[in-house]
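Below you'll find the structure, written out as structure tokens, and then a few comments.
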Amino acid sequence: MKFIPQLNKEKLLSPKKVTKKSKVEKRLTVLTWLTILAIWYLVTELRIFSATLVPSPYKVWLTFLTILKEGYNGVSIWVHLGASFRRLLIALGLAVTTAVPLGLLSGYFNKIEAIIDSVVEFYRPLPPLAYYTLLVLWFGIDDKSKVILLFLAGFAPIYIACVSAVRKINQDYILSAKSLGADQKRVFFKIVLPACLPEIFTGIRTAFGVAYTTLVSAEMVAATSGIGWMVLDASNFLKSDVIFVGIIIMGITGVIIDAGLRFLEKKIIFWKGHV
Amino acid sequence: MKNNLTKKILLIIFVGVLTISLAGCGGNSSNENQTSKALPDEINFGILRVPNDETIAIAEGLFDKYFADKGIEYNLIVFDSGAEANKALASGSIDFATMGNTNAITALSRELDVEMIWIHEVLGEIEALAVKNGSGINRIEDLAGMRIATPFASTAHYILLNALKNAGIADQVQLLDMQTAEIFAAWERGDIKAAYTWQPSLGKLLESGKVLISSKDMIDEGYITANVEVVRKEFSDKYPDLVVSFINCLTEAADIYRNNPEKAAAIVAEQLGIEKKEALLQMRGSSWYTAEELLGEEFFGTSEDSGAFAIIMKDTSDFLQNQNSIEYSPTQEEFNEYVNPIYIEKSLE
Numbered sequence: 001m002k003f004i005p006q007l008n009k010e011k012l013l014s015p016k017k018v019t020k021k022s023k024v025e026k027r028l029t030v031l032t033w034l035t036i037l038a039i040w041y042l043v044t045e046l047r048i049f050s051a052t053l054v055p056s057p058y059k060v061w062l063t064f065l066t067i068l069k070e071g072y073n074g075v076s077i078w079v080h081l082g083a084s085f086r087r088l089l090i091a092l093g094l095a096v097t098t099a100v101p102l103g104l105l106s107g108y109f110n111k112i113e114a115i116i117d118s119v120v121e122f123y124r125p126l127p128p129l130a131y132y133t134l135l136v137l138w139f140g141i142d143d144k145s146k147v148i149l150l151f152l153a154g155f156a157p158i159y160i161a162c163v164s165a166v167r168k169i170n171q172d173y174i175l176s177a178k179s180l181g182a183d184q185k186r187v188f189f190k191i192v193l194p195a196c197l198p199e200i201f202t203g204i205r206t207a208f209g210v211a212y213t214t215l216v217s218a219e220m221v222a223a224t225s226g227i228g229w230m231v232l233d234a235s236n237f238l239k240s241d242v243i244f245v246g247i248i249i250m251g252i253t254g255v256i257i258d259a260g261l262r263f264l265e266k267k268i269i270f271w272k273g274h275v
Numbered sequence: 001m002k003n004n005l006t007k008k009i010l011l012i013i014f015v016g017v018l019t020i021s022l023a024g025c026g027g028n029s030s031n032e033n034q035t036s037k038a039l040p041d042e043i044n045f046g047i048l049r050v051p052n053d054e055t056i057a058i059a060e061g062l063f064d065k066y067f068a069d070k071g072i073e074y075n076l077i078v079f080d081s082g083a084e085a086n087k088a089l090a091s092g093s094i095d096f097a098t099m100g101n102t103n104a105i106t107a108l109s110r111e112l113d114v115e116m117i118w119i120h121e122v123l124g125e126i127e128a129l130a131v132k133n134g135s136g137i138n139r140i141e142d143l144a145g146m147r148i149a150t151p152f153a154s155t156a157h158y159i160l161l162n163a164l165k166n167a168g169i170a171d172q173v174q175l176l177d178m179q180t181a182e183i184f185a186a187w188e189r190g191d192i193k194a195a196y197t198w199q200p201s202l203g204k205l206l207e208s209g210k211v212l213i214s215s216k217d218m219i220d221e222g223y224i225t226a227n228v229e230v231v232r233k234e235f236s237d238k239y240p241d242l243v244v245s246f247i248n249c250l251t252e253a254a255d256i257y258r259n260n261p262e263k264a265a266a267i268v269a270e271q272l273g274i275e276k277k278e279a280l281l282q283m284r285g286s287s288w289y290t291a292e293e294l295l296g297e298e299f300f301g302t303s304e305d306s307g308a309f310a311i312i313m314k315d316t317s318d319f320l321q322n323q324n325s326i327e328y329s330p331t332q333e334e335f336n337e338y339v340n341p342i343y344i345e346k347s348l349e
């Protein structure tokens, strides 16, 4: 009862400051993009580089509209995006369901960490392309090898976030819960898991980013659909306008999904920053 | 006060960006001034690992004779197909590039500042559609509903598309874009049962497969493909003599094959890591022409009278445009200018 008004008071105090600050920052962000657009426009207008290297913003816009209307290579852009996101979501789903329990267990029990940690640490810094050829040899050219590549890319960040989250838990919470008679199971679900959730979410967001950057490599071998493949195929014919469109689409969808994840984070972990 | 600060920050950013971009331009132009010397410091060649005159020239040290001995450093950059070579040309990383004529068309269509100066070989049995033994595929029509791998944008891709079109099953197969080494791996795994590719990787597929149709069969139907050499115009304008030297170098290499096929096969076999017998077979799978023959009306023609190859290029280009592979199909006049016989003519003077 006493706690809640205090919270509100805090929230009431801060908005003014926050909005004022964010206004300036928003302006700066918008201005940065306007500057980038202006330079892009200028560079193409002055023909400093050939249109093959740097297509004009207008040309890219026209290509974007054509791709929206007619698709690429006779396949709608939504099918390409759908194919990419199907691979991405399956891989991330697998990564979350395996990395979270394994990570929490590793943080909890040193013996489990001893088994898993070194393997993760070994493959984590490897460039995905280096072992992708192997995955293709083992799992074939279909979606299986692509999903596994994205899974491996996404697994490490979530796992590491989980381990460090468990390590950071304030031991007082666990001890007090125990002294109040909570058993292991309750300690885990009532104390450990909620306390770790914020970091797990950060891990998932990082994992999404890493998996997304791996997407183009994953679609490099024998794909016939996907937004990454579209970019690669366009580069075979030096269609730089399509490459630009593909990259911009990837960038925007990436931002949107990250925003979605942050929204979820706020909804699920409403207590973040108050513990 | 705060507004002032933002304005100042914006101004600084704007000026900073402007200086950087201007400095970038300045750097470029001063570089160009520097290189206008009698000889370049180095030449970068984009090559393909295929049994052709260039491979012999490299193995026999002819590049040393024509370039290194003049004090020019040369670098050989291996590409899997002309599509990659095109990217390197676009960025100016290489001066010369070997590529399929389909890639050379892409280069012209995308306004890369290059010209075509040589035909290494006209492709025959060296590129073919291989199907796996026991797959039950005996005619092209049997491929309906199957997956076929090929390096996209290549000459093989072009011939495959036409063969499928002529058989009326173009929209009933799934084409997979793969590099030659990946095709072999997928073939071994059993992921694909058909692939259109070139030697030497084609040879590995044929160890457990057979040829359904080759580029030679398609020549009879009027679909001609070739590996050609393109050079950046910026380079050829500045050093026309070196372009001529390169043609002499290739001619000397091809003469080894013409005079002594066995010897040439041994050279190629060692360079590509294949059997000598295999190498000879692969080389016989394409037609090599002398400088005199290339100046005939069938190919380059002369500076006054363009030959038939420019027309082949235009036809191929129109096909690629129909496929939506290229957006713009250059005109016949542009192709006549692009397929440039002047350096071959000079090499014979």
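Going line by line, the protein sequences match chains A and L.
Counting in my numbering, the first sequence runs from 1 upward without gaps.
Counting in my numbering, the second sequence runs from 1 upward without gaps.
Note that beta-carbon positions come from the ideal geometry of N, C-alpha and C, so glycine has one too.
Taking A97 (chain L) as the centre and dropping the five residues before and after it, the same chain places the C-beta of G46, A85, L89, V230 closer than 6 Å to its C-beta, in chain order. By the criterion of at least three beta-carbon pairs nearer than 8 Å, the segment 102-110 of chain A is not in contact with the segment 51-58 of chain A.
Close to K87 (chain L), with beta-carbon spacing below 8 Å, are these residues of chain A in chain order: S235, L238. With the rule of 3 Cβ pairs closer than 8 Å, the segment 270-279 of chain L does not count as touching the segment 291-300 of chain L.
Contacts between A153 (chain A) and chain L, judged by CB atoms closer than 8 Å, are missing: the closest CB pair is about 20 Å apart. Comparing C-alpha distances from N133 (chain L) to each of L:G190, L:V339, L:T251 shows the shortest one belongs to L:G190.
Taking a beta-carbon distance threshold of 7 Å, D191 (chain L) counts as an interface residue toward chain A. Boundaries of the alpha helix (DSSP H) around T202 (chain A): 193-218. DSSP, reduced to helix, strand and coil, places M99 (chain L) within a strand of the structure shown. Of the candidates A:A161, A:L92, A:G82, A:S76, the residue whose Cα lies closest to the Cα of G203 (chain A) is A:A161. Non-local beta-carbon contacts of S56 (chain A) in its own chain, meaning distances under 6 Å to residues more than five positions away in sequence, involve T44 in chain order. Counting only runs of 3 or more residues that sit fully inside the segment 133-161 of chain L, the beta strand (DSSP E) segments are 147-150, in chain order.
Nearest to V228 (chain L) by C-alpha distance, out of L:L320, L:M313, L:S135, L:I77, is L:M313. Excluding sequence positions up to five before and after W288 (chain L), its CB lies within less than 7 Å of the CB of D53, E121, A254, Y257, all in the same chain and listed in chain order. For F63 (chain L), there are no neighbours in chain A by C-beta distance under 8 Å, as the nearest C-beta there is about 28 Å away. In the DSSP assignment, M116 (chain L) falls within the beta strand (DSSP E) that extends over 114-123. Taking a Cβ-Cβ cut-off of 8 Å, the neighbours of N73 (chain A) in chain L comprise N324, given in sequence order.
Secondary structure in the segment 51-97 of chain A: the alpha helix (DSSP H) runs of 4 residues or longer, each lying completely within the stretch, are 57-70 in chain order. Put simply, the backbone Cα of W271 (chain A) is about 22 Å away from that of V96 (chain A).
Per DSSP, the continuous alpha helix (DSSP H) segment holding L137 (chain A) begins and ends at 128-139. By the Cβ criterion, the segment 123-139 of chain A is not in contact with the segment 170-180 of chain A, since fewer than three pairs of Cβ atoms, one from each stretch, lie closer than 8 Å. K238 (chain L) has its alpha-carbon roughly 20 Å from the corresponding atom of D69 (chain L).
Burial check for F79 (chain L): the Cβ neighbour count within 10 Å reaches 16 or more, so the residue is buried. DSSP places D80 (chain L) outside both helix and strand once states are collapsed to three, so it counts as coil. DSSP, reduced to helix, strand and coil, places I47 (chain L) within a strand of the structure shown. Taken through DSSP and simplified to helix, strand or coil, Y74 (chain L) comes out as strand. Here N227 (chain L) carries a strand assignment [DSSP, helix/strand/coil].
In terms of CA proximity to G136 (chain L), L:K210 leads the group L:K210, L:I126, L:L39, L:I58.
The Cβ of L34 (chain A) sits no closer than 7 Å to any Cβ of chain L. Around the beta carbon of A195 (chain L), 16 or more other beta carbons lie within 10 angstroms, which makes this residue buried. Within the segment 155-209 of chain L, complete beta strand (DSSP E) segments of at least 3 residues are found at 174-177, 194-198, given in chain order. In terms of CA proximity to A310 (chain L), L:P330 leads the group L:L123, L:F63, L:P330. Bounds of any alpha helix (DSSP H) do not take in N340 (chain L), whose DSSP letter is neither H nor E. A218 (chain A) is outside the set of residues whose beta carbon lies under 7 Å from a beta carbon in chain L.
The C-beta separation of S317 (chain L) from G124 (chain L) comes to about 22 Å, leaving the pair out of contact by the 8 Å criterion. If you check each beta-carbon in the segment 103-116 of chain L against every beta-carbon of chain A, the ones closer than 7 Å belong to T106, R110, E111, L112.
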